[in-house]
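Heads up: the sequence shown begins at 1 in the UniProt record's numbering, then just goes up one per residue.
No residue lacks a Cβ here, since even glycine has one placed at the ideal position from N, Cα and C.
The structure appears below as structure tokens.
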Amino acid sequence: MVTFDESAKRRIRFLTRRGLLELDILLGRFMETEFQHLSDEELVIFVEILDLPDQEFLALVNQKEQADRDDFKLILEKIRNA
């Protein structure tokens, strides 16, 4: 199991800076309200989501596309609700 120390969490925060303003706004709110409450398992999934191209990520968050992975759905819902 992967554990995330403060250095790893700072790296994740840096990864949330995206090329699309819409994602920057959504992720900014998410980082302020939800990020600190994520478990290590959820952080692993969040990092996998952050690895997606911006357009695909935005389509999933806006529900223009459906996530193929069930584990993505919970994190995407938290991002939408932030």
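query                                                                                                                                                    : result
Give me the Cα-Cα distance between residue 44 and residue 3, rounded to the nearest whole angstrom.                                                      : 9 Å
How big is the Cα-Cα spacing for residue 67 and residue 73?                                                                                              : 6 Å
Counting C-beta neighbours from all protein chains within 10 Å, is the total for residue 14 16 or more, i.e. buried, or is it exposed?                   : exposed
Less than 8 Å between the CB atoms is what I'm expecting for residue 46 and residue 82, so what's the real figure, rounded?                              : Residue 46 to residue 82, Cβ: 12 Å. No contact.
What ranges does the beta strand (DSSP E) occupy inside the region 2 to 61, keeping only unbroken runs of at least 3 residues that lie completely in it? : none
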